[in-house]
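In what follows, a structure is listed as structure tokens, so that the remarks can point back to it.
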């Protein structure tokens, strides 16, 4: 071989080494820089890549540490992934990816106080950019298209900054498959996803798009922690979820696919749910709830065709200061009381909040626990085994809601509660409660407070009728007392009347006192009892006893037992 040939061979060898050096050392850096620029222009957000390796024989690339967005919490973070390019990407202005596989990606969604969800800005470009792109390519511009996206072991977090306390949800173990992403196109992607929420699992299947933001998905969720709704619940009521699980099976639409921000239609189930007020005192608990044919639109309405509550437990409590826990919770203010301010708050909330309609609500094996802590000792009434239904609830209608419930008090005495309630302004309602042979020990603290005596024994038949109209509560209570026996006097100042003797005169030989007691109460707490009616009944019954049982009546009047 000649000297010149050897020099040419050495030159080719050095050139080949230089080319290999450029491909191995400079190539990845140049490719990384090129892709960062192309992706940044296509997505409209800054894109960072730590390293990219490219195999020209298979048109595939591997990358690490992909970040989309600015700040300490970028919109998208992908520790590593693999991408298969279409060859047309090399000479066309757009980026066309046949398949992208992402390992452990993290998506951070943010709903700011004002403005759209952060991911909806992906792919948006200024008008100047669009004009330049259309001039270059004629149509497609510098768009990004991906035929298929697969992700495994991912995380999705959503931060709702519209809620003052910073509501957020977090999903882990997210597996995702999406097809036909076209940047700048109105066509949504098709696909499915699944992920873990706490101890529960959620699955989604349908269409999803970023620009414009849209989704039309079938959602199935099981054993999701009910406390997830707390930040949004506390915006409307002064209560929070202490425990429980929920499940969903229905259709979820949002963005352009819905007529409003978000809409859900389908079924909802609740299990072992417990709610508490702002003082961590129990409000309502539920063993199981099934809600069928739900139509929920954020900020507008919630319609339920049928609901069944199994073993609900409602705690109603009047505090020492007169605060009624249920009224305070429904008013949406932890500082509200049971006076007229509650009514105003509740009315305002009803006007400003969403419309709630429940066509039919069935109650099975319910319980109602009542306490009045203004009385010492505390008065309590526990009604269990509640069965019944309510129909026609609609907070935007003046039509009354009918309800009918049957149950038993703690001593096994049957109780029937029925009536109606209207959500008109001002609210109106009717409650009718009847029971027979109720042990007076249930109400002894009330009677002792107003009569000054302990009750040793006795029973009562109650027919209580309450009506609320124009802010005034009126009651016509028919009470039949049987075998009433007063014991020790506990407060001599409570009455100056010889009450034992008068009761003996009223019940005489039959042992029965039959009274109608009219009561009027206004929203400011003032109460009026028409004592003239009560006294006239007492005089009439006493005269009848004197005529029919003169010896027993006179013996009672002069002090006999």
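Numbering (the UniProt record's numbering), first residue to last: 1 to 561.
All residues carry an ideal CB built from backbone N, CA and C; glycine is no exception.
Looking only at C-alpha atoms, which of the options sits nearest to residue i?
i	options	result
residue 433	218, 417, 439	417
residue 305	512, 314, 368, 295	295
residue 190	178, 67, 200	178
residue 394	204, 122, 301	301
residue 214	51, 429, 256	256
residue 250	144, 266, 435	266
residue 481	33, 436, 472, 279	436
residue 280	168, 325, 119	325
residue 303	399, 355, 474, 273	355
residue 512	403, 487, 483, 489	483
residue 222	212, 403, 248, 237	248
residue 194	163, 176, 187	176
residue 567	485, 477, 466	Lying outside 1 to 561, the shown extent of the chain, residue 567 is not represented and no answer is given.
residue 455	440, 465, 464, 466	440
residue 120	258, 365, 45, 99	45
residue 186	198, 48, 212	212
residue 117	38, 97, 329, 210	210
residue 359	258, 48, 403	403
Whose C-beta lies closer than 6 Å to the C-beta of residue i among residues of the same chain, with five residues either side of it excluded?
i	result
residue 102	78, 81, 151
residue 263	253, 297
residue 156	107, 171, 174
residue 61	52, 54, 83
residue 293	305
residue 181	146, 189
residue 65	50
residue 428	422, 468, 469
residue 290	269, 308
residue 405	386, 388, 417
residue 198	225
residue 465	432, 476
For residue i, which residues from the same chain have a beta carbon less than 7 Å from its beta carbon, with the 5 sequence-adjacent residues on both sides left out?
i	result
residue 438	409, 413, 459, 460, 462
residue 104	79, 153, 154
residue 59	84, 85, 87
residue 384	367, 407, 408
residue 161	110, 111, 112, 113
residue 244	226, 270, 271, 272, 273, 274
So, are the CB atoms of residue i and residue j less than 8 Å apart?
i	j	result
residue 309	residue 283	no
residue 270	residue 233	no
residue 581	residue 318	Missing from the structure shown is residue 581; the chain here goes from 1 to 561 and no further.
residue 387	residue 363	yes
residue 313	residue 369	yes
residue 242	residue 196	no
residue 219	residue 202	yes
residue 169	residue 158	yes
residue 43	residue 68	yes
residue 390	residue 361	yes
residue 95	residue 144	yes
Check whether the Cβ of residue i lies closer than 8 Å to any Cβ atom in chain B.
i	result
residue 42	Protein chain content of the structure displayed is limited to a single chain, and chain B is not contained in it.
On the three-state DSSP scale, how would you describe residue i?
i	result
residue 621	This structure cannot speak to residue 621, because the chain is shown only from 1 to 561.
residue 44	coil
residue 36	helix
residue 383	strand
residue 88	helix
residue 30	helix
residue 49	coil
residue 254	strand
residue 110	strand
residue 119	helix
residue 329	helix
residue 210	coil
Would you say the beta carbon of residue i comes nearer than 7 Å to a heavy atom of the ligand SAH?
i	result
residue 304	Of the ligands one can find in the structure shown there are none, so the ligand SAH has no counterpart to examine.
Exposed or buried, which one is residue i when buried takes at least 16 other CB atoms within 10 Å?
i	result
residue 71	exposed
residue 50	exposed
residue 239	buried
residue 57	exposed
residue 183	buried
residue 113	exposed
residue 315	buried
residue 472	exposed
residue 200	buried
residue 487	exposed
residue 399	exposed
residue 378	exposed
residue 33	exposed
residue 115	exposed
residue 419	buried
Whose C-beta lies closer than 8 Å to the C-beta of residue i among residues of the same chain, with five residues either side of it excluded?
i	result
residue 73	108
residue 217	204, 205, 206, 207, 208, 251, 252, 253
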